[in-house]
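Colleague:
Chains as they are written, first to last, in my numbering: chain R, 1 to 262; chain F, 263 to 644.
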């Protein structure tokens, strides 16, 4: 695989007062790959995402986009470079329609009577319906409220929206966490479609069974430190699972349990 | 913003055509059901019901003569103006309980400088608008800055402004009313141009001459024209409804009220939207006060008492959710219309007008229950 990196974190640390959230983490995202970020609760995934998204700045180390060091002052700047983050809350408003949600904050404008700027709701409806159809979601009516859609459909809408607005890098924060089997599958298909379009994806999860089939490479986080990055060829599903569970610690636990007299 | 159109992977025209046909089928079926889903449906139905009830019980009493119509529509218009402000603010997820006190205070900001500092009335009016809107902005700023519920912040202003209104009135006039402004306003270009009196007077004089409308003994028409407050109401309703449903700012209002955090994450300037709506609400309150002062000719310490509740009730009857994110300006206007028709209409019937509040409370209760039902339908799967 090539070493054409679109995002790089080089020896990044992040401290919050006395708390070490990230320590010496290196993570490199190749252009057009799906990179899975795995880790248990408290591993530092959230801090890492927020660093990538421009919410936090690294306390130490370097953040590079297209090989050039960057210092984001706000998430807006990251977004302008095409780094889009889909958080778990999805940034969707349940009472608003599909079309309005798709374009909120970036409304398409047309001129009424040639000068007065108004929102082009029909265009918004058409585009949002088409984009969702591309992702395999049939929306009966783009004017129906988001509240009527399922969790998986909402997740797909949030991803479709990020892609439509020119995301080069998609950062997906546990997109399958709250979903059932079938809906998770739809989201994984969507990630696959995004990759086919040349979009690089960082897929955060703690579910190896979701990560392994779709991922090209894997970075494992544990207690704020990276346990290394692996490409799919160099690591098996069981090995990933093992590292996720804390490998050696797990062995120790198992042996302790074995020796126990109940 | 680049509207990139990617080719659809693995699908030709087939699935799309099917999707389009399905859409059309849904649309063809749905117009009357769509009406049921509109936020203003309840208030529209309520308004029709109220008209039927009063048409049957007070149809011959003069309530629906021209002067009767002007009478109740004027009451509706005053309330409608502040209901539009309250409605937009409520959709954005905030309340302003200081609307009523703001009406009293804005009246004093016009009357006191006019009577005691001898400012020209136009300057007093501009001063009152600037002062009210600054206070509205302060309201909004405090709500945003402290992250306290707007309920409690504006409740403080309810008392502060009402207290100031009373104290200033006593201080300058030595009583709770500052009168004599009407005469000054009648000679002022701004007051007569925009706030005092009626429009379309020539039309009404002509109609009186032809004999289409009732005249006084002198030959003058009984109703001289359309009160300016009605024109203001209609203009504001049209503008507010247009902004809410058609513009980008309107989309932001819904987003901010629906989920402020989500709105912020997609780049909506949440603070700007909320503060500007607090300013707009204060503008509406000041407009109410200006029209009233020019019409009645005085400012008084009890003006606008409880109007904040009436405005909120009109907005809720109009389908706005108390929790924000959903509602309609047109609905709020129908809410205000129901209010005016009932309040005035009840005096045309044999029913004691003490029952007005009972009726109003019941309307509010029904509206809230209905809105709750609508929200459930909207947010839960169909």
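We treat Cβ as the ideally placed atom computed from N, Cα and C, and that holds for glycine.
Values in this document were obtained by computation on a predicted structure and should not be read as measured data.
Check the C-beta distance from residue 603 of chain F over to residue 618 of chain F and give it rounded, since I have them as a contact under 8 Å.
Modeller: Position 341 of the second chain, counted from the start, is the residue given in the question as residue 603 of chain F. Position 356 of the second chain, counted from the start, is the residue given in the question as residue 618 of chain F. That pair is no contact at about 11 Å.
Colleague: What residues from chain F crowd round residue 5 of chain R, counting only those whose CB sits closer than 9 Å?
Modeller: Translated into positions along the first chain, residue 5 of chain R becomes position 5. The contacting residues do not exist; residue 5 of chain R stays about 24 Å from chain F at best.
Colleague: Does any residue of chain F bring its CB to less than 8 Å from the CB of residue 174 of chain R?
Modeller: Walking along the first chain from the start, residue 174 of chain R turns up at place 174. It does not: the Cβ of residue 174 of chain R has no partner Cβ on chain F nearer than 8 Å.
Colleague: Among F:591, F:559, F:622, F:333, whose alpha-carbon lies nearest the alpha-carbon of residue 449 of chain F?
Modeller: In the second chain, residue 449 of chain F corresponds to position 187, counting from 1. Of F:591, F:559, F:622, F:333, the residue nearest in Cα terms is F:559.
Colleague: For residue 549 of chain F, tell me which candidate among F:465, F:451, F:340, F:630 has the shortest Cα-Cα distance.
Modeller: The sequence position of residue 549 of chain F within the second chain is 287, counting from 1. Residue 549 of chain F has its Cα closest to that of F:340, out of F:465, F:451, F:340, F:630.
Colleague: Write down the C-beta distance between residue 90 of chain R and residue 154 of chain R rounded to the nearest angstrom, noting that I regard them as a contact closer than 8 Å.
Modeller: As a position in the first chain, residue 90 of chain R is number 90, starting the count at 1. As a position in the first chain, residue 154 of chain R is number 154, starting the count at 1. At roughly 6 Å, the Cβ-Cβ gap stays under 8 Å, so residue 90 of chain R and residue 154 of chain R are in contact.
Colleague: Which chain R residues are close to residue 521 of chain F, counting only those with a beta carbon under 7 Å from its beta carbon?
Modeller: Against the second chain, residue 521 of chain F aligns to sequence position 259. Simply 93.
Colleague: What number of angstroms, rounded off, separates the C-alpha of residue 42 of chain R from the C-alpha of residue 223 of chain R?
Modeller: Position 42 of the first chain, counting from 1, holds the residue named residue 42 of chain R. Position 223 of the first chain, counting from 1, holds the residue named residue 223 of chain R. Spanning the two alpha carbons is a distance of roughly 6 Å.
Colleague: Which residue from F:305, F:300, F:380, F:297 puts its Cα closest to that of residue 629 of chain F?
Modeller: Locating residue 629 of chain F in the second chain gives position 367, counting from the first residue. Taking only the C-alpha atoms, the option nearest residue 629 of chain F is F:305.
Colleague: Closest to residue 528 of chain F by C-alpha separation, out of R:35, R:61, R:87, would be which residue?
Modeller: Start at 1 with the first residue of the second chain, and residue 528 of chain F comes out as number 266. Per the Cα distances, R:87.
Colleague: Along chain R, which residues have their Cβ under 7 Å away from the Cβ of residue 588 of chain F?
Modeller: In the second chain, the residue the question calls residue 588 of chain F occupies position 326. The contacting residues are 95.
Colleague: Round the Cβ separation of residue 19 of chain R and residue 226 of chain R to the nearest angstrom and send it over; I've been treating them as touching at under 8 Å.
Modeller: Looking up residue 19 of chain R in the first chain gives position 19. Looking up residue 226 of chain R in the first chain gives position 226. Not a contact, Cβ separation roughly 18 Å.
Colleague: Between residue 490 of chain F and chain R, is the shortest Cβ-Cβ distance under 8 Å, so that the two count as touching?
Modeller: For the purposes of this step, residue 490 of chain F is taken as residue 228 along the second chain, with counting starting at 1. It does not; no Cβ of chain R falls within 8 Å.
Colleague: Helix or strand or just coil, what does DSSP make of residue 89 of chain R?
Modeller: Locating residue 89 of chain R in the first chain gives position 89, where the first residue counts as 1. Residue 89 of chain R: coil per DSSP, three-state reduction.
Colleague: Thinking residue 47 of chain R and residue 14 of chain R are a contact (beta carbons under 8 Å), I'd like their distance in whole angstroms, please.
Modeller: Working through the first chain from its first residue, we reach residue 47 of chain R at position 47. Working through the first chain from its first residue, we reach residue 14 of chain R at position 14. 5 Å between Cβ atoms; contact.
Colleague: Express the C-alpha separation of residue 205 of chain R and residue 243 of chain R in angstroms, rounding to a whole number.
Modeller: Here the question's residue 243 of chain R lines up with position 243 in the first chain. Here the question's residue 205 of chain R lines up with position 205 in the first chain. Cα to Cα, the separation comes out at about 14 Å.
Colleague: Which of helix, strand or coil does DSSP assign to residue 212 of chain R?
Modeller: Working through the first chain from its first residue, we reach residue 212 of chain R at position 212. It is helical.
Colleague: Grab me the residues of residue 257 of chain F's own chain with a C-beta within less than 7 Å of its C-beta, minus the 5 sequence neighbours each way, in chain order.
Modeller: Summary: the structure shown does not reach residue 257 of chain F, with chain F confined to residues 263 through 644, and so no result is reported for it.
Colleague: Grab me the residues of residue 34 of chain R's own chain with a C-beta within less than 7 Å of its C-beta, minus the 5 sequence neighbours each way, in chain order.
Modeller: Numbered from 1 along the first chain, position 34 holds the residue referred to as residue 34 of chain R. These residues qualify, in order along the chain: 191, 195, 201, 203, 214, 215, 216.
Colleague: With C-beta atoms as the reference, is residue 394 of chain F less than 8 Å away from residue 547 of chain F?
Modeller: On the second chain, position 132 is the one that residue 394 of chain F refers to. On the second chain, position 285 is the one that residue 547 of chain F refers to. Cβ atoms of residue 394 of chain F and residue 547 of chain F: closer than 8 Å.
Colleague: Taking just the CA atoms, how far does residue 157 of chain R sit from residue 639 of chain F?
Modeller: For the purposes of this step, residue 639 of chain F is taken as residue 377 along the second chain, with counting starting at 1. For the purposes of this step, residue 157 of chain R is taken as residue 157 along the first chain, with counting starting at 1. Roughly 21 Å separates the two Cα atoms.
Colleague: Please list, in chain order, all residues of the same chain as residue 479 of chain F whose beta carbon is under 8 Å from its beta carbon, the five residues on each side excluded.
Modeller: Taking the first residue of the second chain as 1, we reach residue 479 of chain F at position 217. Cβ within range, chain order: n/a, list empty.
Colleague: Count the other CB atoms, across all protein chains shown, that sit within 10 Å of the CB of residue 552 of chain F; report buried if there are 16 or more and exposed otherwise.
Modeller: Locating residue 552 of chain F in the second chain gives position 290, counting from the first residue. Residue 552 of chain F should be labelled buried.
Colleague: In whole angstroms, what is the alpha-carbon distance linking residue 510 of chain F and residue 135 of chain R?
Modeller: In the second chain, counting from the first residue as 1, residue 510 of chain F sits at position 248. In the first chain, counting from the first residue as 1, residue 135 of chain R sits at position 135. Those two C-alpha atoms are separated by around 26 Å.
Colleague: Using a C-beta to C-beta distance shorter than 8 Å, which residues of chain F count as neighbours of residue 87 of chain R?
Modeller: Locating residue 87 of chain R in the first chain gives position 87, counting from the first residue. What residue 87 of chain R touches in chain F: 527.
Colleague: Quick check: the Cα distance between residue 311 of chain F and residue 328 of chain F, rounded to an integer number of angstroms?
Modeller: Taking the first residue of the second chain as position 1, residue 311 of chain F is located at position 49. Taking the first residue of the second chain as position 1, residue 328 of chain F is located at position 66. Rounded to whole angstroms, residue 311 of chain F to residue 328 of chain F spans 21 Å at the Cα level.
Colleague: What does the alpha-carbon distance come out to for the pair residue 3 of chain R and residue 29 of chain R?
Modeller: Here residue 3 of chain R corresponds to residue number 3 of the first chain, with the count starting at 1. Here residue 29 of chain R corresponds to residue number 29 of the first chain, with the count starting at 1. One C-alpha to the other measures close to 9 Å.
Colleague: Interface residues of chain R around residue 517 of chain F at Cβ under 7 Å?
Modeller: The residue labelled residue 517 of chain F in the question sits at position 255 within the second chain. Per Cβ cutoff of 7 Å: 93, 96, 104.
Colleague: At 4 residues or longer, what runs of the alpha helix (DSSP H) sit wholly inside the segment 131 to 191 of chain R?
Modeller: Complete alpha helix (DSSP H) runs here, min 4: 151 to 164.
Colleague: Just grab the DSSP bridge partners of residue 317 of chain R for me.
Modeller: Outside the displayed span of chain R (1 to 262) sits residue 317 of chain R, for which this structure offers no information.
Colleague: Across which residues does DSSP place residue 60 of chain R in a beta bridge pair?
Modeller: Within the first chain, the letter at position 60 stands for residue 60 of chain R. BP columns for residue 60 of chain R point to R:13.
Colleague: Counting only beta-carbon atoms, is residue 214 of chain R nearer than 8 Å to chain F?
Modeller: Counting from one through the first chain, the residue named residue 214 of chain R turns up at place 214. So no, residue 214 of chain R is outside the interface.
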